[in-house]
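**Q** Next up is a structure, given as structure tokens.
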Amino acid sequence: LIQSMPYLVPFPDRVKLFQRLVKADKDVHQNESCSVYRIRIHRGAILEDGLKKLNSIRTNLKKRINVVFVNSAGREEVGIDAGGLFKEFWLDLSTLAFDLQYGLFLTTQDQLLYPNPNSASDHFSRESDHLTMFQFVVRILGKALYEGIVVQPKFAHFFLSKLLHSFNQLNELPSLDPEIYKNLMFLKSYDGDVEDLGLTHTVVQDVFGEQKEIEIIPGGGNVPVTSRNKTRYIHLVANYYLNTQIREQCAAFRMGLSDLIHPRWLQMFNEPELQVLISGKSGKIDVDDLKANARYAGGYYALDKRVAWLWQALASFTPSEQAAFLRFATSCQRAPSLGFGSLTPQFCVQKIPIRSDDELLPSSSTCFNTLKLPTYSSYKVLRAKLLTSISSGAGFEMT
Numbered sequence: 303l304i305q306s307m308p309y310l311v312p313f314p315d316r317v318k319l320f321q322r323l324v325k326a327d328k329d330v331h332q333n334e335s336c337s338v339y340r341i342r343i344h345r346g347a348i349l350e351d352g353l354k355k356l357n358s359i360r361t362n363l364k365k366r367i368n369v370v371f372v373n374s375a376g377r378e379e380v381g382i383d384a385g386g387l388f389k390e391f392w393l394d395l396s397t398l399a400f401d402l403q404y405g406l407f408l409t410t411q412d413q414l415l416y417p418n419p420n421s422a423s424d425h426f427s428r429e430s431d432h433l434t435m436f437q438f439v440v441r442i443l444g445k446a447l448y449e450g451i452v453v454q455p456k457f458a459h460f461f462l463s464k465l466l467h468s469f470n471q472l473n474e475l476p477s478l479d480p481e482i483y484k485n486l487m488f489l490k491s492y493d494g495d496v497e498d499l500g501l502t503h504t505v506v507q508d509v510f511g512e513q514k515e516i517e518i519i520p521g522g523g524n525v526p527v528t529s530r531n532k533t534r535y536i537h538l539v540a541n542y543y544l545n546t547q548i549r550e551q552c553a554a555f556r557m558g559l560s561d562l563i564h565p566r567w568l569q570m571f572n573e574p575e576l577q578v579l580i581s582g583k584s585g586k587i588d589v590d591d592l593k594a595n596a597r598y599a600g601g602y603y604a605l606d607k608r609v610a611w612l613w614q615a616l617a618s619f620t621p622s623e624q625a626a627f628l629r630f631a632t633s634c635q636r637a638p639s640l641g642f643g644s645l646t647p648q649f650c651v652q653k654i655p656i657r658s659d660d661e662l663l664p665s666s667s668t669c670f671n672t673l674k675l676p677t678y679s680s681y682k683v684l685r686a687k688l689l690t691s692i693s694s695g696a697g698f699e700m701t
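Residue numbers (the numbering used here): 303 to 701.
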């Protein structure tokens with residue numbers, strides 16, 4: 303049933319099946335007899351260090367990786383990586399790796415990512431380097447899926463469709479370029495003599511700032527578009543934009559992803575579901591869901607006034623402040639795809655007794671998804687101190 307008609311099974315159940323498949327694979331590659339890779343990462347060179355260190359173990363990315371951060375003074379930060387430091391590193395690495403400045407990706411009008419057709423540019427010394435980089439970048443994404451880490455990148459629908467189904471058709475074109483789709487639909491319904499439009503079997507593409515005419519069939523520059531062949535032309539144009547121009551990049555993407563995630567595991571999901579699997583639930587967090595799945599330690603309990611102030615403060619935060627709070631407490635700034643009930647370890651609010659000075663800031667232990675909340679004297683103080691902590695950008699040493 304899952305193979306032939308996956309959508310008859312509720313999305314949460316399919317996510318749980320995906321997680322079970324990954325866990326079975328991890329039991330092979332991350333058991334007690336397997337080696338653990340320890341890597342040192344300078345906070346000021348996360349991408350550079352990440353590329354260097356991870357390239358050396360690219361065939362063993364399924365294994366457990368422990369991270370040690372090095373601060374600006376060149377000293378290793380205090381703390382043993384029980385998972386939180388790796389999550390923090392992987393989130394930072396994924397954000398940097400998908401940055402548009404590296405020329406691997408472009409964005410649609412909706413600011414969604416897709417492979418740059420011109421990625422083989424002077425960003426790379428050899429033409430093949432950009433494909434190697436694509437494979438590396440997608441391994442970052444694959445490792446995040448493998449470890450259950452939700453990351454930032456959001457992808458265009460047509461690109462997710464291509465990852466799932468290998469080939470896109472005309473109906474996916476609006477998610478790439480609605481203007482091109484609109485023009486093709488105009489041509490489709492055009493009642494006049496199409497030859498009067500002066501079209502040939504070519505498309506015009508921006509190549510490094512230069513408008514270049516590309517033939518979509520051999521000798522296409524000499525083949526006019528007519529009323530008889532316009533339907534074929536429409537599908538050829540769509541095929542070029544959705545498939546041909548990014549064929550190499552998508553092949554490299556799928557190859558890198560399959561190093562960690564079996565393609566069949568992803569066939570259980572449609573495009574929006576795959577995006578949720580990658581980046582979790584977007585928008586404001588469900589404070590009630592987090593509250594329902596929280597536990598308390600150090601003397602706090604559900605009806606404690608400071609705990610009530612915490613939920614009140616979280617509900618008052620903007621979406622970006624809520625994301626910063628999640629990042630501070632759990633190292634991931636979006637809710638898990640199945641909600642906070644699937645967060646492991648369970649979110650915890652730990653009591654930190656203080657006297658009357660209210661000076662101590664909240665801290666966290668991201669390895670254990672624990673917020674360490676001092677016993678502040680008022681809601682106003684708690685909210686202000688919490689905002690200070692989550693906006694500080696402090697590393698593990700603060701905890």
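Where a beta carbon is used, it is the ideal one built from N, C-alpha and C, also for glycine.
(1) Identify, in the order they occur along the chain, each residue of the same chain with its Cβ nearer than 7 Å to the Cβ of Glu550, setting aside the five sequence neighbours on each side.
(2) Since Ile536 and Lys490 should fall inside the 8 Å C-beta cutoff, what is the C-beta to C-beta distance between them, to a whole number of angstroms?
(3) Taking 8 Å as the CB-CB cut-off, is Pro638 touching chain C?
(4) Which residue's Cα is closest to the Cα of Val589: Phe571, Leu576 and Trp611?
(5) Excluding the five sequence neighbours on either side, which residues of its own chain have a C-beta within less than 8 Å of the C-beta of Thr533, listed in chain order?
(6) Just checking my contact of Arg608 with Tyr678 at CB under 8 Å: how many whole Å lie between their CB atoms?
(7) Quick test of your reading: Lys445 and Thr668, contact by CB under 8 Å. State the CB separation rounded to the nearest angstrom.
(8) On the three-state DSSP scale, how would you describe Met700?
(9) For a quick check, are the C-beta atoms of Phe457 and Gln577 less than 8 Å apart?
(10) Taking three-plus beta-carbon pairs below 8 Å as touching, is the region 465-475 in contact with the region 407-416?
(11) Which residue's Cα is closest to the Cα of Gly600: Leu628, Pro676, Pro638 and Asn531?
(12) Can you tell me where the alpha helix (DSSP H) with Leu675 in it begins and where it stops?
(13) Between the C-alpha atoms of Asp606 and Arg340, what's the straight-line distance to the nearest angstrom?
(14) Report yes if the CB atom of Ser639 is closer than 8 Å to the CB atom of Leu579, and no otherwise.
(15) I need the DSSP call for Arg366, collapsed to helix, strand or coil.
(16) Please name the residue in Lys593, Gly511 and Ser463 whose C-alpha comes closest to that of Leu616.
(17) With H, G and I counted as helix, E and B as strand and the rest as coil, what does DSSP make of Phe313?
(18) Give me the residue from Cys552, Gln507, Phe670 and Asp495 with the minimum Cα distance to Phe461.
(19) Buried or exposed: Tyr309, going by 16 or more other Cβ atoms within 10 Å of its Cβ?
(20) Nearest CA to the CA of Thr632: which residue from Leu501, Gly521 and Ile692?
(21) Please work out which residues of its chain come closer than 6 Å, Cβ to Cβ, to Thr361, disregarding the five sequence neighbours upstream and downstream, and give them in chain order.
(22) How would you call Gly376, buried or exposed, if buried means at least 16 neighbouring beta carbons within 10 angstroms?
(23) Confirm, please, whether the CB-CB distance from Val651 to Tyr708 is below 8 Å.
(24) Please classify Arg703 as buried or exposed, where buried requires at least 16 other C-beta atoms within 10 Å of its C-beta.
(25) To which residues of the same chain is Thr504 closer than 7 Å at the C-beta, ignoring the five residues directly before and after it?
(26) Skipping 5 residues on each side, what residues in its chain have a beta carbon closer than 7 Å to that of Lys687?
(27) Can you list, in chain order, the residues of its chain with a C-beta nearer than 7 Å to that of Gln437? Leave out the 5 residues immediately preceding and following it.
(28) How many Å lie between Asp327 and Gln507 at the Cα?
(29) Could you have a look at Tyr543 and say whether DSSP puts it in helix, strand or coil?
(30) Looking only at its chain, what residues have a beta carbon closer than 6 Å to the beta carbon of Pro520, apart from the 5 residues adjacent to it on each side?
(31) Measure the alpha-carbon distance for Leu395 versus Val509 and round it to whole angstroms.
(32) Which value, in whole angstroms, describes the spacing of the CA atoms of Val372 and Glu512?
(33) Helix, strand or coil, according to DSSP, for Ser396 in the structure here?
(34) Give the DSSP-derived three-state secondary structure of Glu661 in the structure shown.
(35) Quick one: give me the first and last residue of the alpha helix (DSSP H) that Phe407 is part of.
(36) Spatial neighbours of Ser337 within its chain, please: C-beta separation below 7 Å, excluding the five flanking residues on both sides.
**A** The relevant details are as follows:
(1) Answer for Glu550: Leu433, listed in chain order.
(2) Ile536 to Lys490, Cβ: 6 Å. Contact.
(3) Here there is only one protein chain, and chain C is not present.
(4) Between Val589 and the set Phe571, Leu576 and Trp611, the nearest pair of CA atoms involves Trp611.
(5) The beta carbon of Thr533 sits closer than 8 Å to the beta carbons of Lys490 from its chain, once the five residues preceding and following it are set aside; these are given in chain order.
(6) 6 Å between Cβ atoms; contact.
(7) Lys445 to Thr668, Cβ: 18 Å. No contact.
(8) Here the model assigns Met700 a pLDDT of 41, short of 50, so the residue's position is not dependable, and the following value carries that caveat. Here Met700 sits in helix by DSSP.
(9) Judged by beta-carbon spacing, Gln577 lies within the 8 Å limit of Phe457, meaning their Cβ atoms are closer than that value.
(10) Note that the region 465-475 does not touch the region 407-416; fewer than 3 beta-carbon pairs, one per stretch, sit closer than 8 Å.
(11) If we check each option's Cα against that of Gly600, Pro676 comes out closest.
(12) For Leu675, no alpha helix (DSSP H) encloses it; the enclosing beta strand (DSSP E) starts and ends at Thr672 to Pro676.
(13) Answer to the nearest angstrom: the Cα atoms are 41 Å apart.
(14) For Ser639 and Leu579, yes; Cβs fall inside 8 Å.
(15) Here Arg366 sits in coil by DSSP.
(16) Measuring from the Cα of Leu616, the nearest candidate turns out to be Lys593.
(17) When secondary structure is reduced to three states using DSSP, Phe313 falls in the helix class.
(18) Distance check between Phe461 and each of Cys552, Gln507, Phe670 and Asp495 places Cys552 closest, using alpha-carbon atoms only.
(19) Answer is exposed; the Cβ neighbour count stays below 16.
(20) It is Ile692 whose Cα lies nearest to the Cα of Thr632.
(21) Counting only Cβ-Cβ distances below 6 Å, and skipping sequence neighbours, we find nothing.
(22) Gly376 should be labelled exposed.
(23) Residue 708 cannot be examined here, being either before or after the span of the chain that is shown, 303 to 701.
(24) The first residue shown for the chain is 303 and the last is 701, placing residue 703 beyond what the model contains.
(25) These residues qualify, in order along the chain: Glu515, Ile516, Glu517, Ile518, Gly522 and Gly523.
(26) Counting only Cβ-Cβ distances below 7 Å, and skipping sequence neighbours, we find Leu663, Pro664 and Tyr678.
(27) Its chain contains Ala554, Met557 and Gly558 as the residues whose beta carbon lies nearer than 7 Å to that of Gln437, once the 5 sequence neighbours on both sides are disregarded; these appear in chain order.
(28) When rounded, the distance between both Cα atoms is 43 Å.
(29) In this structure, DSSP gives Tyr543 a helical state, which the three-state scheme calls helix.
(30) Close CB contacts of Pro520 within its chain, under the 6 Å cut and outside five residues either way in sequence, are absent.
(31) Our two residues, Leu395 and Val509, have alpha carbons roughly 28 Å apart in a direct line.
(32) Put simply, the backbone Cα of Val372 is about 43 Å away from that of Glu512.
(33) DSSP, reduced to helix, strand and coil, places Ser396 within a helical segment of the structure shown.
(34) Coil, per DSSP.
(35) Looking at the DSSP string, Phe407 is not in any alpha helix (DSSP H); the run it does join, the beta strand (DSSP E), is Phe407 to Thr409.
(36) Closer than 7 Å at Cβ, skipping near neighbours: Lys365.
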